[in-house]
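So the protein lines, in turn, are chains W and X.
First residue of the first sequence? That's 23 in this note's numbering, and the numbers climb one at a time after it.
First residue of the second sequence? That's 293 in this note's numbering, and the numbers climb one at a time after it.
Virtual Cβ for every residue (Gly too), placed ideally from N, Cα, C.
Since we're looking at a predicted model, the values are computed, not measured.
Here's the structure, in structure tokens; my notes come after.
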Amino acid sequence: AQTVTQSQPEMSVQEAETVTLSCTYDTSESDYYLFWYKQPPSRQMILVIRQEAYKQQNATENRFSVNFQKAAKSFSLKISDSQLGDAAMYFCALRGYSGGSNYKLTFGKGTLLTVNP
Amino acid sequence: NAGVTQTPKFQVLKTGQSMTLQCAQDMNHNSMYWYRQDPGMGLRLIYYSASEGTTDKGEVPNGYNVSRLNKREFSLRLESAAPSQTSVYFCASSDNRGSNQPQHFGDGTRLSIL
Chain W
23 AQTVTQSQPE MSVQEAETVT LSCTYDTSES DYYLFWYKQP PSRQMILVIR
73 QEAYKQQNAT ENRFSVNFQK AAKSFSLKIS DSQLGDAAMY FCALRGYSGG
123 SNYKLTFGKG TLLTVNP
Chain X
293 NAGVTQTPKF QVLKTGQSMT LQCAQDMNHN SMYWYRQDPG MGLRLIYYSA
343 SEGTTDKGEV PNGYNVSRLN KREFSLRLES AAPSQTSVYF CASSDNRGSN
393 QPQHFGDGTR LSIL
């Protein structure tokens, strides 16, 4: 079984500052993938960033980057130069790969990010 | 680009009524999924279809049935709606040719059961 834990139900950050959202996970699989999704008030689920577990280099997408610590099973999201449009619920998700077509995602419960002007 | 389209966007039902949520994707994806989202619970997988012609239970399948009508369409049916099924329902799809491919989500259906 896979589990994903987001220990921060809510976070806040000042506009232009940096914030880090935490995520820890557990899986018995050796090969897996990690994702961060953003859900603004519009309710859309938007992919922010993804990380392959076999890659040591941390993924980066513009102002978004991750700190992937495989041994600690930690996958945090850093948002730099926060903008008002970053305000949203953020979900961490894990997909194991056990071969075949097993591409199910396991989600954390989410962190609600508020950006203060 | 339409992506994943869900209908309806909102629905109110009475306890015991039946309802089918529709989902269609135009990205030629093999895999499709149904999730429910409840406050404080994140997204939980109800059913999924790894490929056309197959369906499997997810984490919370009780009270639901699904049909993978063809490669594009994957419907979710509530045969006898209960208040505990009040939730926001999301359909998603993914390309399983590459295991790092993300899931693409529809805009959700807000379902209220009175």
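Query	Result
Is A373 of chain X near G332 of chain X, with beta carbons less than 8 Å apart?	no
Can you list the beta strand (DSSP E) stretches of 3 or more residues lying completely in the segment 340-366 of chain X, in chain order?	356-360
Residues of the segment 74-91 of chain W in Cβ contact with chain X at a cutoff of 9 Å, in chain order, please.	E74
Can you give me the start and stop residues for the beta strand (DSSP E) that M324 of chain X sits inside?	S323 to D330
Can you tell me which of W:K92, W:I68 and W:V70 puts its alpha carbon nearest to the alpha carbon of Q79 of chain W?	W:K92
Closer than 8 Å by C-beta to E37 of chain W: which residues in its own chain qualify, once you throw out the five before and the five after it? Chain order, please.	S104, Q105, L106, V137, N138 and P139
Verify the CB distance criterion: does M333 of chain X have a CB-CB separation below 8 Å to chain W?	yes
Our contact map puts L116 of chain W next to T49 of chain W with C-beta atoms below 8 Å; I'd like the distance itself, whole angstroms only.	6 Å
Taking CB distances under 8 Å as the criterion, tell me whether K95 of chain W reaches chain X.	no
If you reduce the DSSP assignment to three classes, tell me which class G398 of chain X lands in.	coil
Output the distance between the C-alpha atoms of S404 of chain X and P63 of chain W, rounded to the nearest integer angstrom.	19 Å
Apart from the five residues just before and just after G122 of chain W, which ones in its own chain have a Cβ nearer than 7 Å to its Cβ?	In this prediction, G122 of chain W has a pLDDT of 49, which is less than 50 and means its spatial position is unreliable; what the coordinates show is noted afterwards. So the list is empty, once near-sequence residues are dropped.
Return the CA-CA distance between T82 of chain W and V41 of chain W, expressed in angstroms with no decimal places.	15 Å
If S367 of chain X sits next to S323 of chain X, beta carbons under 8 Å apart, how far is it from one beta carbon to the other, in whole angstroms?	No, S367 of chain X and S323 of chain X are not in contact; Cβ-Cβ is about 15 Å, not under 8 Å.
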